[in-house]
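Encoded as structure tokens, the structure appears first; notes follow it.
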Amino acid sequence: MPLVKPGLLRYLNRLIGVIAMSESNDYVRIGYLSFWGARRNKYLEIDDVLPLTEVAASKNDALLKFSWFGGSNFLYLPTKDVEIVDEQRAKLLFGDLSLFKSG
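Under this note's numbering, the first residue of the sequence shown carries the number 120, and numbering increases by one thereafter.
Put into structure tokens, the structure is as follows:
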């Protein structure tokens, strides 16, 4: 069991929990978990977000790498059992929503 913990922490670290977009659709706030489980926020311009089609390995992936221009880091974006409140804004940010599955 001790070996499982570091593996789980690797994926829980940087796991996106919420994404909010500004009213002007120019910026997004990404809420994610830090290594110690604390919530952190990252603010990005919409134009800096890499399209999911460029980073998605397969449509069957449970987690996608959410990346942005000008950074070598990434966050993990879940694709299963997600709640998309505003599909129009989600399409603006992600493009292809078929990557997200429910159930």
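Ideal placement from N, C-alpha and C gives every residue a C-beta, glycine not left out. This structure is a prediction, so every number in the text was calculated from the model and none was measured.
Does the distance from the CB of residue i to the CB of residue j come in under 8 Å?
i	j	result
GLY136	GLY150	yes
VAL174	LYS161	no
VAL147	LEU171	no
ALA181	LYS199	yes
Starting from residue i, trace the beta strand (DSSP E) both ways and give me its first and last residue.
i	result
VAL174	No beta strand (DSSP E) holds VAL174; the alpha helix (DSSP H) holding it covers 171 to 174.
VAL137	135 to 140
When the Cα of residue i is compared with those of the options, which residue comes out closest?
i	options	result
PHE154	LEU134, ILE138, ASP215 and GLY190	LEU134
LEU169	SER177, LEU152, ASP200 and GLY190	GLY190
VAL201	ARG208, LEU218, ARG148 and GLN207	LEU218
TYR195	ARG208, LEU152 and GLY214	LEU152
ASN192	ASN144, ASP167, GLU142 and SER143	ASP167
What residue range is occupied by the uninterrupted alpha helix (DSSP H) comprising residue i?
i	result
GLU206	206 to 213
Next on the checklist: Going residue by residue through the segment 142 to 193, where are the continuous beta strand (DSSP E) segments of at least 3 residues, counting only ones entirely within it?
Outcome noted: Complete beta strand (DSSP E) runs here, min 3: 146 to 152, 158 to 164 and 182 to 186.
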